[in-house]
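Colleague: Next up is a structure, given as structure tokens.
In my numbering, the protein residues as written are 660 to 932.
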């Protein structure tokens, strides 16, 4: 049966069965019906890079694209600028936006993924990090491309650097993967310079690839423990300095938590008014 002729439930069943057969450890996995979607995500999360069949890709893509449509795709043109939303009338007020929600819903030229140095995505089943969310919504093709990039490179990605990949089943065109600093104890100036470099590296890749819009997540503030307010200050200041000599039309600061929304609202008013 063709993917387009299958229901979401039939696609889900096919994908789970394929990944179970593909796995040494989970060949005989028994799945309760209520747990099937979490099971699929978990099986995708733990799978190492490697080819899959064309049939699998066709059915996976149909399944994930239907899920994306049901979540609701947000066009960058529909997101108000900080000038429109907050009355911030500085010279960059019409080129910066603040948006709260799931970054995997955004139809922009590129979204930014807070990656780890391995650059292959999160392998923890159904983990709550943005790396896991992006790879889960994009599908297995994203990890495969990341694996090819890292195999050619031959070493882990340095903190502050970035790579660009396709977006696969995400509504954006590209994903910019950057490795933020990990703050184990006290925050240092070195950490701050590394975080600024993450934003610069992503914006540089966007420029080189002719992209007009970029959506940044709150890099390093989750699992990597960078203080949220300082991270927002660095993000806004680095983007402000870059946009003053850039052709990029729109930068979206994407937040998920209410705490980060409040922080960015304050920082944007203080720094860009």
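Idealized CB from N, CA, C, for every residue including glycine. All figures in this text were calculated on a predicted structure; none of them were measured in a lab.
Round the Cβ separation of residue 831 and residue 767 to the nearest angstrom and send it over; I've been treating them as touching at under 8 Å.
Modeller: Contact holds; Cβ gap of about 5 Å.
Colleague: Starting from residue 772, trace the beta strand (DSSP E) both ways and give me its first and last residue.
Modeller: It spans 769-774 - the beta strand (DSSP E) in which residue 772 sits, taken as one unbroken run.
Colleague: Is the region 679-686 in contact with the region 698-708, if contact means three or more CB pairs nearer than 8 Å?
Modeller: The region 679-686 vs the region 698-708: in contact.
Colleague: Residue 666: buried (16+ other C-beta within 10 angstroms of its C-beta) or exposed?
Modeller: It counts as exposed.
Colleague: Does the contact criterion of 3 or more C-beta pairs under 8 Å hold for the region 883-893 versus the region 861-873?
Modeller: At 8 Å Cβ cutoff, the stretches do not touch.
Colleague: With distances taken between CB atoms, is the gap from residue 871 to residue 899 smaller than 9 Å?
Modeller: No; because the gap between Cβ atoms is not below 9 Å, this pair is not in contact.
Colleague: Considering just the uninterrupted stretch of the alpha helix (DSSP H) at residue 813, what are its terminal residues?
Modeller: First-last for residue 813: undefined, no H or E at that position.
Colleague: When we look at the beta-carbon of residue 712 and count the other beta-carbons within 10 Å, is it buried (16 or more) or exposed?
Modeller: Burial call: exposed.
Colleague: Under 9 Å, do residue 672 and residue 695 count as touching if we go by C-beta distance?
Modeller: In contact: residue 672 and residue 695 (Cβ atoms closer than 9 Å).
Colleague: Taking all protein chains shown into account, decide if residue 748 is buried (16 or more other Cβ within 10 angstroms of its Cβ) or exposed.
Modeller: Residue 748 is exposed by the Cβ-count criterion.
Colleague: What does DSSP give as the partner residues of residue 752 in its beta bridges?
Modeller: BP columns for residue 752 are empty, so no partner.
Colleague: Starting from residue 911, follow the beta strand (DSSP E) in both directions and report where the run begins and ends.
Modeller: Taken as a continuous stretch (DSSP letters only), the beta strand (DSSP E) holding residue 911 covers 909-914.
Colleague: Just how far apart, CA to CA, sit residue 895 and residue 880?
Modeller: Each residue's alpha carbon lies about 14 Å from the other.
Colleague: Are the CB atoms of residue 706 and residue 802 nearer to each other than 9 Å?
Modeller: Their beta carbons are under 9 Å apart, which means residue 706 touches residue 802 by this criterion.
Colleague: Checking the sheet assignment: what are the DSSP bridge partners for residue 825?
Modeller: Answer is 833, bridged to residue 825.
Colleague: From what residue to what residue does the beta strand (DSSP E) around residue 875 run?
Modeller: Residue 875 -> beta strand (DSSP E) spans 872-875.
Colleague: To the nearest angstrom, report how far apart residue 825 and residue 763 are at their CA atoms.
Modeller: About 13 Å.
Colleague: Taking residue 734 as the reference, which of 779, 805, 909 has the closest Cα?
Modeller: Of the candidates 779, 805, 909, the one whose C-alpha sits nearest the C-alpha of residue 734 is 909.
Colleague: Going by the DSSP bridge assignment, what does residue 759 pair with across the sheet?
Modeller: In the DSSP output, where bridge partners are listed per residue, residue 759 has 914.
Colleague: According to DSSP, is residue 880 part of a helix, a strand, or is it coil?
Modeller: The answer is coil: DSSP assigns residue 880 none of H, G, I, E or B.
Colleague: When burial is assigned at 16 or more other CB atoms within 10 Å of the CB, is residue 778 buried or exposed?
Modeller: Buried, since its Cβ has 16 or more Cβ neighbours within 10 Å.
Colleague: Name, in chain order, the residues that DSSP records as bridge partners for residue 740.
Modeller: Partner(s): 756.
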